Amino acid sequence: MASHVPFLAVRPDDQFSADIKTRDFAAPVNDIATSSGSTPAMENAPVRATSASRIPAPLRYALICVLSLGLNTVAYTLTAEWAGVELAAVSRDSTEDWRVWLPVARKLVELTFAGWSGYDWKDLAGLACLSNLPFYFLLHTFYEIHLSACLTAFAIDVSSIAIPFALFRPVSHAHKSGKTANQLVAHDPYVFGMMAIFGSAIYAVTVYSSLYTWLPVYMITRFDEVRSLQGAHDASVWMLLAILLPIGWATTQFLFTPAVGQRGNPGLTDPDLHPEFAEEFNAETATLGETIAYNLGFGKQGFSKRAEVVAKRTAVLIGCSVINTVSRTVMSVAGTDVAGAAGWASVWGVAGMLTAVAYAWVGNE
11 MASHVPFLAV RPDDQFSADI KTRDFAAPVN DIATSSGSTP AMENAPVRAT
61 SASRIPAPLR YALICVLSLG LNTVAYTLTA EWAGVELAAV SRDSTEDWRV
111 WLPVARKLVE LTFAGWSGYD WKDLAGLACL SNLPFYFLLH TFYEIHLSAC
161 LTAFAIDVSS IAIPFALFRP VSHAHKSGKT ANQLVAHDPY VFGMMAIFGS
211 AIYAVTVYSS LYTWLPVYMI TRFDEVRSLQ GAHDASVWML LAILLPIGWA
261 TTQFLFTPAV GQRGNPGLTD PDLHPEFAEE FNAETATLGE TIAYNLGFGK
311 QGFSKRAEVV AKRTAVLIGC SVINTVSRTV MSVAGTDVAG AAGWASVWGV
361 AGMLTAVAYA WVGNE
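Here my numbering is used: the first residue of the sequence shown is 11, the next is one more, and so on.
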């Protein structure tokens with residue numbers, strides 16, 4: 011079964027050549043690497059340690075925490091007179107000592123997970139975007155918080171975790187622009203742009219379907235201080251698609267690029283690369299369940315490398331998105347409870363799962 015990805019790829023140097031073939035990217039990785047002037051030994055050579063990687067891990071973690079908390083504090087202080095006032099209007103009473111320290115504790119948990127996960131700053135920027143945007147979408151749509159205030163706070167949350175890790179952790183192989191077939195596909199601007207729009211569209215349709223079916227009644231029932239449903243009633247798919255473009259960028263950055271661009275990770279791009287999969291699966295005789303299982307990477311051989319990357323990152327995406335949305339909503343917004351926040355977060359968890367399945371289909375996993 012051929013991958014859908016190669017047909018989207020464009021080779022910048024040869025895009026106007028009449029001799030180019032759409033299946034060039036299905037050639038074995040070793041052949042492509044050799045033809046581009048590099049060898050397998052060069053591709054598998056260890057990355058030289060950077061100055062940041064020479065810093066002891068405990069010290070590096072401490073520096074990341076200090077820098078992240080410092081950036082967060084300074085940025086929110088500078089924007090307190092306009093963005094802070096808007097956000098404070100719907101916030102819980104934080105005069106109790108333990109509530110004052112909750113945001114700091116939540117931030118430290120985020121940084122600890124980020125440090126343990128091994129993700130680079132591009133992964134973490136995408137994950138932070140996916141985890142925080144549902145909270146600010148809630149404030150803008152149902153609590154009438156001005157869009158500029160939400161975007162400012164959203165940008166602070168994403169940058170305060172991305173910048174420290176950009177300084178203290180090298181970029182992974184998948185996020186580097188290289189000469190291997192996987193990297194060429196993953197970093198082609200047309201492919202990346204189409205995948206971003208594709209991801210945004212899935213989120214937009216999922217959110218739109220919820221807004222026009224069960225969600226408004228649920229919000230009135232479970233959220234005590236919702237200001238208005240006008241934003242939900244006025245929403246359209248096209249408007250949501252534009253608003254959720256950052257989500258499309260984030261899903262492509264966190265799911266698609268690592269899955270396609272991983273070192274030594276051709277996935278199921280062509281039967282010539284993985285004949286054992288071609289022999290096992292017969293599309294003409296397979297049932298619907300067998301076809302779905304095969305395309306999700308479930309088979310006698312287990313997960314392919316690419317399917318494993320998508321599956322693990324999907325679990326992380328859904329977990330972080332739901333947990334962060336529930337915790338921030340309950341801790342920050344007056345008149346909310348865990349059950350209500352979980353219902354709102356479930357919309358974004360389902361959207362993330364559907365996007366991951368769609369990306370797996372594009373990668374033919």
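The beta carbon of each residue, even a glycine, is placed where N, CA and C say it ideally should be.
Keep in mind it's a predicted model, so treat the numbers as computed, not measured.
Thinking C-alpha only, which one of Leu143, Asn334, Gly128 is nearest Val181? Gly128
Expressed to the nearest angstrom, what Euclidean distance is found between the alpha-carbon atoms of Gly203 and Val215? 18 Å
Find out if the Cβ-Cβ distance for the pair Ala252, Ala159 is shorter than 7 Å. no
Three-state secondary structure assigned by DSSP to Val343: strand
Hey, which unbroken runs of the alpha helix (DSSP H) at 4 residues or more fall wholly within the region 125–195? 131–152, 157–178
If contacts are defined as beta-carbon pairs under 8 Å, then Leu327 and Phe264 qualify, I think. What distance do you get, rounded to the angstrom? 6 Å
List the whole-angstrom C-beta distance separating Ala85 from Ser170, where the pair is believed to meet the contact cut-off of C-beta under 8 Å. 7 Å
Cutting at 8 Å between CB atoms, please list the residues of its own chain near Leu73, excluding the five before and the five after it. Ile65, Pro174, Phe178
So who's on the other strand from Ser331, going by DSSP bridges? Bridge partners of Ser331: none, in fact.
Indicate whether the contact test is met: 3 or more Cβ pairs, each with one atom in the region 231–238 and one in the region 185–201, closer than 8 Å. no
Please identify the residue among Asp130, Ala196, Ala366 whose C-alpha is closest to the C-alpha of Ala321. Ala366
Confirm, please, whether the CB-CB distance from Leu79 to Met341 is below 7 Å. no
Distance check for Thr295 and Trp131, CA to CA, integer angstroms please. 45 Å
What are the start and end residues of each continuous alpha helix (DSSP H) run of 4 or more residues lying completely inside the region 218–271, in chain order? 225–232, 240–244, 247–253, 255–261, 267–271
To the nearest angstrom, how far is the alpha carbon of Glu154 from that of Val100? 10 Å
What whole-angstrom Cβ distance do Ser331 and Ala352 have, given they're in contact under 8 Å? Wrong, their Cβ atoms sit about 12 Å apart, outside the cutoff.
In whole angstroms, give me the CA-to-CA distance for Glu69 and Gln240. Note on residue identity: the sequence assigns Leu, not Glu, to residue 69. Straight-line Cα distance between these residues: approximately 49 Å.
Given a cut-off of 7 Å, decide if Val236 and Ala269 are closer than it, judged by their beta-carbon atoms. no
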